[in-house]
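For the sequence shown, position 97 matches number 117 in the numbering used here, and the numbering has no gaps at all.
Every residue gets a Cβ at the ideal spot worked out from N, C-alpha and C, and that includes glycine.
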Amino acid sequence: MAVLVAGGAGYIGSHMVDRLVNEGYDVVVADNLSTGHKKAINPKAKFYEGDTRDGEFLDNLFANEDIDTVIHMDAFSLVSESMKNPLKYFDNNVVGMIVLLEAMKKAGVKNIVFSSTAATYGNPERIPIHEKDHKEPINPYGESKLIMEHIMKWVDKADGIHSVALRYFNAAGAKQDGSIGEDHHPETHLIPIVLKVAAGQQDKLKIFGDDYDTPDGTNVRDYVHILDLADAHILAMEYLKKGNPSNVFNLGSSTGFSNKEIVEAARKVTGKKIPAEVATRRGGDPDTLVADSTKAREVLGWKPKFDNIEDIISTAWTWKQKHPNGYEDQQG
Ligand code: UFG
21 MAVLVAGGAG YIGSHMVDRL VNEGYDVVVA DNLSTGHKKA INPKAKFYEG
71 DTRDGEFLDN LFANEDIDTV IHMDAFSLVS ESMKNPLKYF DNNVVGMIVL
121 LEAMKKAGVK NIVFSSTAAT YGNPERIPIH EKDHKEPINP YGESKLIMEH
171 IMKWVDKADG IHSVALRYFN AAGAKQDGSI GEDHHPETHL IPIVLKVAAG
221 QQDKLKIFGD DYDTPDGTNV RDYVHILDLA DAHILAMEYL KKGNPSNVFN
271 LGSSTGFSNK EIVEAARKVT GKKIPAEVAT RRGGDPDTLV ADSTKAREVL
321 GWKPKFDNIE DIISTAWTWK QKHPNGYEDQ QG
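Printed below as a string of structure tokens:
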């Protein structure tokens, strides 16, 4: 039996695929390469280029491969872009989920592990955030993922497709050897932009707003290493394969860092000055997002290995130094 990673050429997907391959799983990747990189996919995985909104593409894939679990990582995920173009997000994310579940139903595939997000909570009612806390997304990206979770819940009741939704907080870092990492075009995420400045590829960082309701006025986020996220998916997949019921888990480190603190940590890791200035707010940013991940630790047995922000940034810096221009620098 094989696991299908939908979106396996993306930042999180490529680390997921690599981890699965190294753990001995048979891995199939589906990706339309709209934002992902073919070079990021571990060559031991079987790659199908196509879109998960394309039912025929999925039907063929499921007919050719013996898939028992789908790991869904192929949603669009940029908060700011979703504020400007909500329909793009509802189309790709929500329609993609419907078509995928339809194809899984036809093929008799019963397990799905879904990359959900802290953005489902909106401005949280308390910190740290628990899974059952109030959810009122403040951007279309978070809204689309909450809708996808709801769709999975009803499809479980009707068709017995069990799901685990993993609500990530801020995914960061790279494989330690720097062979795969984060490469978005355009790049909008804080840590890779900070490292671009450190590498001299950008003059300075703009910190989007310092008038939030946080200790230093800049947004506070909970950074979790990409390999710890990958491990959580493997645990979630095994949890479902044992016949456990559908569930939802937060994945975070339970420690928050402000944007200013991230810049400071990156200065320490890189030894570079990293000029930064405060700019106006970006739309759709909640003040603070910090997870309570007790449930994932207790139920799944998840034990994140990276609990230090400098270690996380350091893996991203290794990738950046080895691949200053991302996958463009890589042969093959
Ligand atoms: N930021 C800056 N300057 C930049 C880029 C980002 O100040 O040049 C700030 C943002 O305004 C925000 C923080 O850095 O306050 C983190 O921003 P990111 O874009 O790195 O990440 P987000 O918190 O917006 O979103 C990420 C993922 C989402 C996920 C969310 C959950 O992209 O998919 O984490 O916490 F939902």
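Once the 5 residues before and after residue i are set aside, which same chain residues still bring their CB inside 6 angstroms of it?
i	result
Tyr31	Glu202
Asp233	Asp307
Phe110	Ser164
Asp236	Ser278, Lys280
Ile87	Ala22, Leu24, Val129
What first and last residue would you give for the beta strand (DSSP E) that runs through residue i?
i	result
Ala13	The structure shown does not extend to residue 13, since the chain is modelled only from 21 to 352, so the question has no answer here.
Thr137	131-137
Asp88	87-92
Ile227	225-228
Ala22	22-26
Ala16	A query on residue 16 cannot be resolved here, the shown segment of the chain reaching from 21 to 352 and no further.
Lys66	66-69
Asp79	Not the beta strand (DSSP E): Asp79 falls in the alpha helix (DSSP H), residues 75-84.
Asp46	46-51
Under 7 angstroms: does the beta carbon of residue i sit that close to some heavy atom of the ligand ZN?
i	result
Ile227	With respect to the ligand ZN, the structure shown offers nothing to examine, as its ligands consist of the ligand UFG.
Sorted by chain position, which residues of the same chain lie with C-beta nearer than 7 angstroms to residue i's C-beta, five sequence neighbours on each side aside?
i	result
His57	Ala29, Asp203, Tyr347
Val175	Leu121, Ile181
Pro157	Ala139, Thr140, Gly142, Glu163, Leu166
Trp337	Leu215, Val289, Thr290
His35	Lys195, Ile200, Ile246, Leu247, Ala250
Ala219	Lys340, Pro344
The alpha helix (DSSP H) with residue i in it runs from where to where?
i	result
Lys340	329-342
Asp176	160-179
Val99	99-104
Glu318	Premise fails: Glu318 is in no alpha helix (DSSP H) and is neither H nor E.
Val119	116-127
Ser34	31-42
Please return the same chain residues whose Cβ sits closer than 8 angstroms to the Cβ of residue i, not counting the five positions on each side in sequence.
i	result
Thr300	Phe228, Gly229
Leu320	Ala252, Leu255, Ala256, Tyr259, Phe269
Lys173	Ser183, Ser266
* 4-residue-minimum alpha helix (DSSP H) runs that sit fully inside the stretch 235-279, ordered along the chain -> As summarised for the stretch 235-279, the continuous alpha helix (DSSP H) elements at least 4 residues long and confined to that stretch are 246-261, given in chain order.
* Decide yes or no for the touch test of the stretch 238-246 against the stretch 193-213: beta carbon pairs closer than 8 angstroms, at least 3 of them. => Between the stretch 238-246 and the stretch 193-213 there are three or more inter-stretch CB-CB distances shorter than 8 angstroms, so the stretches are counted as touching.
* To do: Mind the definition here: the stretch 77-91 touches the stretch 271-282 only if three or more C-beta pairs lie below 8 angstroms; say whether that holds.
  => Touching, no, given that fewer than three Cβ pairs across the two stretches are closer than 8 angstroms.
* Asked: Any chance the stretch 283-291 sits against the stretch 316-331, with 3 or more Cβ pairs inside 8 angstroms?
  -> Flag = yes, the stretch 283-291 and the stretch 316-331 touch.
* Asked: Counting pairs of Cβ atoms below 8 angstroms between the stretch 45-54 and the stretch 62-71, do you hit three or more?
  -> Output reads yes: the stretch 62-71 touches the stretch 45-54.
* Asked: Would the stretch 311-327 and the stretch 143-151 be scored as touching if the rule is three or more Cβ pairs under 8 angstroms?
  -> Counting Cβ pairs under 8 angstroms, three or more are found: they touch.
* Taking only runs that begin and end inside the stretch 198-226, name each unbroken alpha helix (DSSP H) of 4 or more residues, in chain order. => 210-218, all fully within the stretch 198-226.
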